[in-house]
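**Q** My structure is below; once you've seen it, I'll send some questions.
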Amino acid sequence: MEQVFISTTQKGETMSFIPSANHQNQTPEKVSNNGFFPDIDMAQFREVMRVEQPISNLRTKQAILDAIISVNNELKAWPAFQNYNALNYSSLKEVPCEQYGEVSQYEHHYQSAVFNKAKALLLENYRDFDSTKSGHERADQMEERVDDYLRRSRESIRALLGTAKITIELI
């Protein structure tokens with residue numbers, strides 16, 4: 200949906216301005232990973248997580264890279280712990296597990312963890328400040344959504360690790 204901005208000059212002439220997106224900045228690409236874990240397709244991320252075009256590819260790529268680093272840090276010991284390095288698995292795709300079409304269970308959980316973490320980061324960065332009552336309500340709703348995305352990311356990481364979703368301790 201294009202928006203047209205109309206203004207008048209000092210002489211009373213009407214001028215219009217139609218903003219256009221920087222298409223050079225909107226080329227789909229992949230965000231490279233560390234070699235063991237899969238690269239992340241930005242177009243797929245945008246489609247699955249419903250990330251609109253006003254958010255530039257540069258900012259989207261930054262959020263995905265931050266999410267990749269965060270998730271990889273949480274999974275740092277996992278390949279070694281599972282002895283995958285000793286078994287010469289050079290990527291997550293090679294690790295034996297259940298397959299769902301073209302995607303393995305591990306790849307799905309990894310991608311879900313990164314996608315949800317990146318979406319949470321984008322939402323946190325795009326909160327507007329509005330001191331009205333409705334502004335505070337929108338901010339509270341957005342914070343709940345951020346928490347939901349972070350929860351889903353943690354659940355995906357725990358599923359990949361093969362651990363329970365929650366830990367309960369009796370005091």
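Residue numbers (my numbering): 200 to 370.
All C-beta atoms in this analysis are idealised placements derived from N, C-alpha and C, irrespective of residue type, glycine included.
1) Assuming the contact rule is C-beta atoms closer than 8 angstroms, Tyr-305 and Val-294 should be a hit. Round their C-beta distance to whole Å, please.
2) Compute the beta-carbon to beta-carbon distance between Leu-322 and Val-302, rounded to the nearest angstrom, for a pair I have assumed lies under 8 angstroms.
3) For Gly-234, which option in Arg-353, Cys-296, Leu-291 and Glu-368 has the closest C-alpha, if you only look at C-alpha atoms?
4) In chain order, what residues of the same chain have a beta carbon less than 6 angstroms from the beta carbon of Lys-318, not counting five sequence neighbours either side?
5) Between the beta-carbon of Asp-265 and the beta-carbon of Leu-320, is there less than 8 angstroms?
6) With a cut-off of 8 angstroms on the beta carbons, I'd call Leu-369 and Leu-274 a contact; round off their distance for me.
7) Closer than 8 angstroms by C-beta to Asn-271: which residues in its own chain qualify, once you throw out the five before and the five after it? Chain order, please.
8) Pull up the CB-CB distance for Met-241 and Ile-263, whole angstroms please, since I reckon it's below 8 angstroms.
9) Between the alpha carbons of Lys-229 and Arg-357, how many angstroms are there, rounded?
10) Taking the Cβ atom as the reference point for each residue, do Asn-324 and Arg-351 lie within a distance shorter than 8 angstroms?
**A** On the basis of the data shown:
1) Going by Cβ atoms, the distance from Tyr-305 to Val-294 rounds to 6 angstroms, so yes, they are a contact pair.
2) The Cβ separation is near 25 angstroms, so there is no contact.
3) Nearest of Arg-353, Cys-296, Leu-291 and Glu-368 to Gly-234, Cα basis: Leu-291.
4) Short of 6 angstroms from the beta carbon of Lys-318, and not among the five residues preceding or following it, lie these beta carbons of its own chain, in chain order: Met-248 and Tyr-348.
5) It is a contact, given that the beta carbons lie within the stated cut-off.
6) That belief does not hold up - the Cβ atoms of Leu-369 and Leu-274 are roughly 29 angstroms apart, past 8 angstroms.
7) Around Asn-271: Asn-232, Asn-233 and Phe-236.
8) That belief holds up - the Cβ atoms of Met-241 and Ile-263 are roughly 7 angstroms apart, short of 8 angstroms.
9) When only Cα atoms are considered, Lys-229 and Arg-357 end up about 25 angstroms apart.
10) No, they are not a contact pair.
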